[in-house]
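Note that this note's numbering has the sequence shown beginning at 3, numbered continuously upward.
Beta carbons: idealized from backbone N, C-alpha and C, even for Gly.
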Amino acid sequence: MALLRKTVEALPFGRLSLDVEEDARPRRDRRIMKLQKRKAQGARPCLYCSARFGYHKLLLRRDSRCDPVRTPCRTPRIAFKAIEAMVLVRIVVSLASGLLLAVAAGDRRAQAQPASSGSIKGHVRLTGKLPGNLVIRMGADPMCARINAGKRVVQETVAAAADGSLANVFVRLQGSLPQIPVSSEAVTIDQRGCIYEPRVVGVRVGQTLQVRNSDELLHNVHGLSGRGNSFNVSEPKAGMVQQFRLKTEEVMLRLKCDVHSWMAAFVGVVTNPFFAVSDRSGTFAIEKVPAGTYSIQAWHERYGPLVQTVRVRAGAASTIEFNYTGNEPAPAARFEELTLPPRASAVRFVGAVSPDPVWPDR
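Spelled out as structure tokens, the structure:
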């Protein structure tokens, strides 16, 4: 080669001839061509290493030991064993973490439910005939009618299911109960679609009740109280929130809207946290109740109060059932709105007041 170089360099065109004769292709191109040539000879790519290394060096012969089906090449085999080990370690770590979290959650539940406390699970049912609820005539306010267009909104005085399960019943414990700090979280009632939601809530004495306006129209929040918890404010725009700190125990405080006479909500103001409101299935639950025997009261806006005795055992759930017949007398304190004609100067009541509220158009 050295002799050939000297001979060519002696010629006047030697440099050009040398450049033409030498293989000046980059190393990568030469390697690719070599692999393509071996592929044409019958070598097959390794399933384990072709994605990264192209055709494995052991596959460049026909008698290669790196078979993609039977015997993978050694290097990928070691790599995949390491990957399997890493996956196994991750699975073990995940299972251990989940077990630790479950144990921690159990500890928190054990701490939240002291050994000397239990729970009360109950159900409220109306055993008598289900009364029909009045349809709210939203035509008194065209904006309310527009919001509820196509809907049949009823006054849920008796929110009962077909089997009599009764919702919106306020249930509370009575008796000597431990003093527990009042929660700093506010209880919220929303004015949405010209209706109060939810209709019945419970609040502790000293806790904040906040009423939100979610409608783009004027609402008024009027608390009718006989225990010093009264308030009367307006909320003319959506997004406005009024807050009230309730001072004394009262079952129940009624909320109304002076603009829309059909709007009503009820707030149970109590001194302890052991209360609940029955849901659509008529069920309720009171948790973390100290072991002992208590009076438990259920209150409904139409059927009034029912009182029973419940015994709470440590670490157990006590069950109780409240049954309204539908013939109960109305609650002693009822606030009804009376709309008088513009020129009326006197009112005379004749006969008994119907227990069914009447919600006029205006």
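Roughly how many whole angstroms lie between the Cα atoms of residue i and residue j?
i, j, result
"Val126", "Gly284", "5 Å"
"Ala316", "Val189", "29 Å"
"Pro292", "Gln299", "17 Å"
"Val171", "Ala98", "45 Å"
"Glu23", "Val91", "Note that Glu23 has pLDDT 39, beneath the 50 cutoff, so the model's placement of it is unreliable and the number below is only indicative. Glu23 and Val91: Cα-Cα distance of roughly 58 Å."
"Asn150", "Gly195", "7 Å"
"Ala169", "Lys258", "20 Å"
"Val261", "Gly100", "55 Å"
"Ile182", "Lys290", "11 Å"
"Gly230", "Leu128", "33 Å"
"Pro314", "Leu179", "Sequence inspection shows Val at residue 314; the Pro mentioned does not correspond to that position. Cα to Cα, the separation comes out at about 12 Å."
"Glu199", "Val95", "46 Å"
"Ala42", "Leu103", "58 Å"
"Phe246", "Ile138", "28 Å"
"Ala162", "Gly294", "32 Å"
"Met140", "Val155", "9 Å"
"Ala147", "Lys153", "9 Å"
"His224", "Ala318", "42 Å"
"Leu248", "Ala332", "25 Å"
"Trp301", "Asp281", "14 Å"
"Gln38", "Arg32", "10 Å"
"Pro330", "Ser320", "Before going on, a small fix: residue 330 reads as Glu here, not Pro. In a straight line, the C-alpha of Glu330 is about 26 Å away from that of Ser320."
"Met254", "Arg304", "12 Å"
"Met35", "Met88", "37 Å"
"Met145", "Ser118", "54 Å"
"Glu187", "Asn234", "22 Å"
"Met242", "Ser167", "35 Å"
CB residue i to CB residue j, shorter than 7 Å?
i, j, result
"Arg256", "Leu226", "yes"
"Val269", "Val203", "yes"
"Asn222", "Ser232", "no"
"Asn274", "Ala240", "no"
"Val205", "Gln244", "no"
"Gly130", "Gly328", "yes"
"Glu251", "Val279", "no"
"Val312", "Ile322", "yes"
"Val173", "Phe286", "yes"
"Ser297", "Gly177", "yes"
"Arg201", "Ala267", "yes"
"Gln157", "Leu132", "no"
"Ile122", "Ile288", "yes"
What three-state label does DSSP hand residue i in the structure shown?
i, result
"Gln38", "helix"
"Arg139", "coil"
"Met254", "strand"
"Ala162", "strand"
"Leu179", "coil"
"Gly130", "coil"
"Val184", "coil"
"Ala300", "strand"
"Ala147", "helix"
"Gly92", "Note on residue identity: the sequence assigns Arg, not Gly, to residue 92. In this structure, Arg92 counts as helix in the three-state DSSP scheme."
"Arg313", "strand"
"Arg282", "coil"
"Arg229", "coil"
"Ser66", "The predicted model places Ser66 with a pLDDT of 44, which falls under 50 and marks its position as unreliable; any figure quoted below should be read in that light. Note: Ser66 maps to coil in three-state DSSP."
"Asp217", "coil"
I'd like to confirm the pairing. Which residues does DSSP put opposite residue i in its beta bridges?
i, result
"Leu211", "Val189 and Phe246"
"Gln157", "Per DSSP, none; premise fails for Gln157."
"Phe268", "Val202 and Arg256"
"Ser99", "Beta-bridge pairing links Ser99 to no other residue."
"Pro292", "Ser119"
"Gly306", "His302"
"Ala332", "Per DSSP, none; premise fails for Ala332."
"Thr321", "Lys123"
Mind reading off the beta-carbon distance from residue i to residue j? Whole number of angstroms is fine, and I expect it under 8 Å.
i, j, result
"Leu175", "Phe276", "4 Å"
"Phe324", "Gly124", "7 Å"
"Gln193", "Asp165", "The Cβ separation is near 31 Å, so there is no contact."
"Leu191", "Met265", "The sequence shown places Ile at residue 191, not Leu. Actually they are not in contact, since the Cβ atoms of Ile191 and Met265 sit about 11 Å apart, beyond 8 Å."
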